[in-house]
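Worksheet: one structure, shown below.
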Amino acid sequence: MAVQLDGGGKEDLKTQFVTREGTYKLMTLSEYSRPNRVGYTNSQGSTSVRVSFVTLPDPADPTGTQGLGDRMCFNFGKELYVYVYRGVKKFENMFQAVDLNKPVDKKLYKGTNPTCHNFNQTTATVESAPLLVGFSTGQIQLIDPIKKELSKLYNEERLIDKSKVTCIKWVPGSSNLFLVSHSSGQLYLYNEELLCGTTPPHYQPFKSGDGYAIHTCKTKSTRNPLYRWVIGAEGCCINEFAFSPCGSNLAVVSQDGFLRVFHYDTMELVGSARSYFGGFLCVCWSPDGRYVVVGGEDDLVTIWSFHEKRVVARGQGHHSWVSVVAFDPYTTSYGDHDPDFSGSDDETMPHNNHNHFHEKPCRLSNASQGIHSNRNSCGSELRVSGGTCYRLGSVSQDTQLCLWDITEDVLRQPVNPKQRASTAGSGSFSSSGTFTSGNGATTNHHANNAKHNNTNNVNLKESASANNESSNNSTSTNAAVSTVNSLTQRLVGIGFGERKGDNHKRNFSLTMRASGTSNNGPVQNSSAEKSGINANATNSNSVGGSLGANKKAGSAMDDPMRLIGTAWCPRFDECPVLEPLVCKKLAHERLTELVFREDCFVTACQDGYVYTWARPGHMINVLCDALADARNRGCRPEFSHVHRRTDPSLLAVTPLVAHCQSTVTVSRMV
Amino acid sequence: MIFYCQSVCTICKMGANISQLERDIGSDQFPPNEHYFGLVNFGNTCYSNSVLQALYFCRPFREKVLEYKARNKRTKETLLTCLADLFYSIATQKKKVGSIAPKKFIARLRKEKEEFDNYMQQDAHEFLNFLINHINEIILAERSQSKPAGKGGSGDAGSPPEPTWVHEIFQGILTSETRCLNCETVSSKDEDFFDLQVDVDQNTSITHCLKCFSNTETLCSDNKFKCDHCSSYQEAQKRMRVKKLPMILALHLKRFKYVEQYNRHIKVSHRVVFPLELRLFNTSLFQSDDAVNPDRLYDLVAVVIHCGSGPNRGHYISIVKSHGFWLLFDDDMVDKIDASTIEDFYGLTSDIQKSSETGYILFYQSRDCS
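So, in structure tokens, the structure goes:
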């Protein structure tokens with residue numbers, strides 16, 4: 001094993017990658033960073049680079065096709081930059097590089113670092129774009145990078161809060177209210193028109209609930225802050241917050257590992273979740289407001305259902321802490337989801353499995369419906385039709401981007417103690433998803449089956465063949481089998497007593513899929529399986545118990561040991577585990593930002609680079625037009641001609657055709 | 001020259017830095033019955049100081065050592081009695097902060113183990129490993145001595161010895177499962193461990209490193225597996241899983257790697273983040289026979305940090321959590337630090353960065369035992 005001392009091959013950085021919708025490409029000429037960078041700057045321990053956008057309504061360009069109305073702000077170290085953002089839009093010179101020496105605005109702060117910022121999209125005009133900036137020392141500044149003269153400071157004397165500003169956002173639709181979170185664990189509502197006063201604010205209790213309290217300022221004249229929210233244990237850093245798309249709910253994630261969702265106007269806590277371990281670092285809402293996704297120090301992406309108030313799935317794929325999660329509203333499809341992707345690039349091949357996996361729940365329910373209804377009344381709970389397919393993106397300190405396709409079927413797996421069997425089924429297909437990953441997982445799977453049978457050599461052959469069969473089979477039957485088996489297991493398991501000191505018990509270290517498959521002949525189970533099953537059954541019982549205890553929230557809230565195995569924090573095997581559709585290393589430094597836009601997505605990296613990734617079809621709009629033109633004219637498209645019109649370094653001829661086709665297909669589907 | 005000052009500084013001293021600590025914590029906030037004492041360096045003994053401080057703040061361990069001290073008044077000097085005396089001495093200081101010289105302990109250590117009998121920089125993990133095993137052996141030896149003479153021989157008669165408190169605190173069990181690729185037979189073997197040694201990758205988390213630790217490994221070419229069933233060496237696949245979680249999970253980040261090219265060990269300063277709270281993914285689930293909770297939630301209680309660019313130079317310090325706040329022990333100096341500074345010890349993302357202060361041994365304590 002070679003030792004990599006350089007921090008991991010520089011060569012394996014991606015400049016493009018393929019998903020089922022096509023190829024995403026790095027716009028090398030649309031790269032933003034601090035101008036005149038010199039060599040290496042120490043990024044150690046410095047604040048994360050975040051990016052904010054605003055689209056200015058331009059009367060001269062009402063559709064925004066010229067893209068002159070977009071402004072981008074990013075922070076790096078002590079600096080803050082605002083540029084015209086061109087994204088992937090075409091200009092006279094096609095992919096015109098941004099002149100980094102001509103920012104719209106640029107600020108250098110002394111003794112403090114900007115940590116977060118937010119434009120007010122509601123009040124933005126051609127001449128004005130109010131921008132809030134929060135600082136590592138607690139202050140807040142309101143500037144207007146276009147109008148320039150505006151500069152207001154809040155918490156200037158740090159009388160309100162001395163700790164770092166962790167997140168700042170305008171209240172949706174408001175021209176003057178904004179919300180600021182601090183690492184002290186407090187969240188303040190400010191009105192930009194009000195003063196902060198010259199004395200520390202005196203608070204009076206306004207409202208309190210489970211794990212939070214809200215105060216108002218006790219003064220005659222209204223002053224800032226209007227409200228103070230104290231969330232979680234004392235001094236427990238609020239890492240991020242996000243308003244729901246409708247603006248009525250507020251999701252807050254903290255270092256104490258909690259997601260708390262409030263109804264913003266009534267200030268009621270409407271739901272919460274707990275990380276598997278460690279703090280939650282980032283949060284976002286699905287475009288339809290039905291799900292909240294959080295990422296954290298458990299390296300997981302956790303999906304929480306707003307309606308069911310429970311963790312419905314977890315995504316495992318990152319190798320380090322998840323720094324940003326964001327839904328891609330432009331790739332999220334509603335209604336029946338057709339998995340007919342034709343990604344032909346070799347890069348897609350390993351990921352076919354994942355797509356199959358995501359399809360599986362749908363087929364699983366079809367295939368197992370009959371059996372389920374025979375065995376268990378919960379069969380009707382399984383949905384037959386495919387629902388919404390959400391596209392989620394996440395970036396992490398592992399320098400990777402993960403894209404996830406999440407179908408509603410997966411998210412709707414019922415979790416109810418009485419319907420444990422179907423939950424076990426969901427567990428088994430999800431772990432099968434886990435097994436389709438790289439790292440020699442397939443062989444791993446083989447190993448597991450064999451391991452189960454090490455006491456029984458007759459069974460061994462059978463299991464091996466069963467295993468082959470199932471891997472050749474369509475995944476649907478396989479999943480169905482495992483579902484049934486988990487159910488069988490559970491029923492069988494009840495009949496077995498404790499097998500003390502059984503040497504094979506430890507072999508049940510595998511995921512459920514493995515057990516399900518090797519279990520094709522449930523009657524001739526090896527003792528190893530029986531003991532495993534027994535443990536499984538015990539496990540499900542304890543879940544039932546703890547779920548029942550869910551009703552009385554309150555006291556359990558503080559203690560993660562009591563939350564494990566509940567709707568707040570299911571055990572790892574109790575909840576579907578998703579695999580990313582793609583997982584790509586995009587940078588050498590940890591990634592700190594991810595923003596999905598209509599024609600591209602934007603990532604930022606700790607070293608101060610902001611990258612634009614063109615969506616499939618968008619960068620080659622011109623080319624597709626050319627192709628269409630050519631077809632209309634009844635002649636073969638001239639690739640060389642096309643080629644000449646674009647940056648040859650960005651496009652190759654062969655993939656071009658495929659992308660155009662896929663673009664067409666997609667649009668037809670939609 | 002170092003021996004000269006040894007005799008002097010056994011008495012605690014109140015440096016400017018020390019009283020600053022009390023001020024930082026605040027007299028009303030200062031935990032009762034807690035003492036924060038630095039340990040004097042006797043010439044490159046920071047490897048020992050850092051580990052001793054970390055162990056002192058592993059509460060179950062400290063309590064057992066103090067208990068041992070209380071129970072064993074007059075016995076012959078061992079490394080354990082020296083350790084117990086040192087811990088007792090810290091725990092019974094009149095002052096709340098100061099520094100103390102672990103003179104007797106170091107002298108005993110140098111007698112016990114040749115490798116430590118010099119003024120060279122030693123590996124903190126080797127020391128920890130030696131110390132834990134050695135203490136365990138002392139306890140086992142004392143136990144067999146105290147048993148009636150008639151039963152003297154029965155100790156070696158097969159049945160595994162009853163676990164000592166060292167086992168109870170640090171011991172976990174790993175299961176390695178090996179599958180012969182020829183006959184598909186799977187054999188598994190349990191191994192006890194006092195700490196887990198994990199490889200480090202750039203820009204990863206300790207969680208990921210632990211997962212990699214459980215990754216399937218193929219045994220081939222020179223490293224074939226002797227299959228009992230085939231009665232020959234065969235290619236095989238092997239993976240490790242944690243079967244029993246210890247009360248205190250010590251994780252050793254393998255930051256010193258031998259590089260053939262340079263013919264020496266090189267420090268790997270990769271950035272590996274470690275959360276304040278941890279659960280393990282690579283446990284073998286559903287262990288009904290062991291009274292072990294696979295949901296065990298661990299809290300980070302101490303970190304031994306290596307500072308410097310190579311294995312043979314540099315310095316060891318430790319950070320510990322005590323009563324809700326974090327302290328940094330740098331030999332005889334103790335400072336209160338903000339939890340946010342822990343991120344300075346994750347490691348480096350680039351070779352160009354100079355100072356390398358990296359987490360080297362992590363001590364996670366199970367929440368259900370605190």
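Residue numbers (UniProt numbering), protein chains in the order written: chain F, 1 to 670; chain W, 1 to 370.
Idealized CB from N, CA, C, for every residue including glycine.
Judging by CA-CA distance, which residue of Ser356/W, Phe274/W, Arg313/W, Asp299/W is the nearest neighbour of Asp368/W? Asp299/W
Determine the chain W residues that contact Gly271/F at a beta-carbon separation under 8 Å, and present them in chain order. The contacting residues do not exist; Gly271/F stays about 22 Å from chain W at best.
Starting from the N-terminal side, write out each stretch of the beta strand (DSSP E) that is 3 residues or longer and does not extend beyond the region 158-196 of chain F. 165-170, 177-182, 186-191
What residue range is occupied by the uninterrupted beta strand (DSSP E) comprising Asn249/F? 249-254
Neighbourhood of His618/F by C-beta distance below 7 Å, restricted to the same chain and skipping five residues each side: Val88, Asp599, Cys600
Contact set for Lys461/F: own chain, Cβ-Cβ below 6 Å, skip 5 residues either direction: Because Lys461/F sits at a pLDDT of 36, beneath the cut-off of 50, its placement in the model cannot be relied upon, and the point is left open.
With 16 other Cβ atoms within 10 Å as the buried cut-off, status of Gly138/F: buried
Could you tell me which whole alpha helix (DSSP H) segments of length 4 or greater appear in the region 93-120 of chain W? 103-112
Phe17/F, DSSP secondary structure in three states: strand
Residue ranges of each beta strand (DSSP E) run of no fewer than 3 residues wholly in the region 198-249 of chain W, ordered along the chain? 217-219, 225-227, 232-234, 236-244
In whole angstroms, give me the CA-to-CA distance for Asn120/F and Lys152/F. 15 Å
Close Cβ partners of residue 686/F (< 8 Å) along its chain, the five nearest in sequence each way excluded: The structure shown does not extend to residue 686/F, since chain F spans only 1 to 670, so no value can be given for it.
Thr164/W: which of Thr92/W, Val334/W, Gln122/W, His134/W sits nearest, CA to CA? His134/W
Just the C-alpha distance for Glu157/F and Pro172/F, rounded to the nearest angstrom, thanks. 27 Å
Rounded to whole angstroms, how far is the Cβ of Ala313/F from the Cβ of Ile214/F, which I believe are closer than 8 Å? With 8 Å as the limit, Ala313/F and Ile214/F do not qualify as a contact, their Cβ atoms being about 31 Å apart.
Smallest Cα separation from Ile140/F: which of Cys246/F, Arg290/F, Asp161/F? Asp161/F
Measuring CA to CA, which of Ser33/F, Asp58/F, Thr55/F is closest to Ser75/F? For the record, residue 75/F in the displayed sequence is Asn; it is not Ser. That would be Ser33/F, whose Cα lies nearest to the Cα of Asn75/F.
Using the beta-carbon of each residue, which ones in chain W are nearer than 7 Å to Phe572/F? Going along chain W in sequence order, the residues near Phe572/F (Cβ under 7 Å) are Phe281.
Is there contact here, the region 209-222 of chain W with the region 238-257 of chain W, by at least three beta-carbon pairs under 8 Å? yes
Straight-line Cα distance separating Lys78/F from Val104/F: So the two alpha carbons sit approximately 17 Å from each other.
From the DSSP output, in three-state form, read off Gln141/F for me. strand
Give the single residue among Glu137/W, Val268/W, Asn182/W whose Cα lies nearest to the Cα of Pro161/W. Glu137/W
Just mark Gly359/W as buried or exposed, buried being the case when its beta carbon has 16 or more other beta carbons within 10 Å. buried
Spatial neighbours of Cys116/F in its chain, beta-carbon cut-off 8 Å, leaving aside the 5 residues before and after: Arg50, Asn75, Val133, Gly134, Val165, Thr166, Cys167, Ile168
Does the distance from the CB of Arg71/F to the CB of Tyr81/F come in under 8 Å? no
Closer than 8 Å by C-beta to Pro57/F: which residues in its own chain qualify, once you throw out the five before and the five after it? Chain order, please. Around Pro57/F, the same chain offers Gly69, Ala124, Thr125, Val126 as residues with beta carbons nearer than 8 Å, after the five sequence neighbours per side are excluded.
List the DSSP bridge partners of Glu191/W. Leu174/W
Find the nearest neighbour of Ile173/W within the set Tyr68/W, Phe256/W, Thr78/W, Ala250/W, judged by alpha-carbon distance. Ala250/W
Endpoints, the alpha helix (DSSP H) within which Ile90/W is located: 79-91
So for Pro130/F, helix, strand or coil by DSSP? coil
Can you list, in chain order, the residues of the region 558-590 of chain F whose Cβ is nearer than 8 Å to any Cβ on chain W? The residues in question are Pro560, Met561, Ile564, Gly565, Arg571, Phe572, Asp573, His588, Glu589, Arg590.
Return no unless some Cβ of chain C is closer than 8 Å to the Cβ of Ser184/F. Within the model displayed, chain C is absent; protein chains F and W are what it includes.
According to DSSP, which residues form a beta bridge with Ser213/F? Checking the sequence shown, residue 213/F turns out to be Ala, not Ser. Paired residue(s): Ser208/F, Val230/F.
Based on Cα-Cα distance, which residue from Trp613/F, Thr603/F, Pro616/F, Thr612/F lies nearest to Ser48/F? Thr603/F
Run through chain F and tell me which residues come within less than 7 Å of Val273/W, C-beta to C-beta. Ser320, Trp321, Gln397
Can you name the residues of chain F whose CB is closer than 8 Å to the CB of Ser205/W? Glu297, Asp299, His319, Ser320, Trp321, Gln397, Asp398
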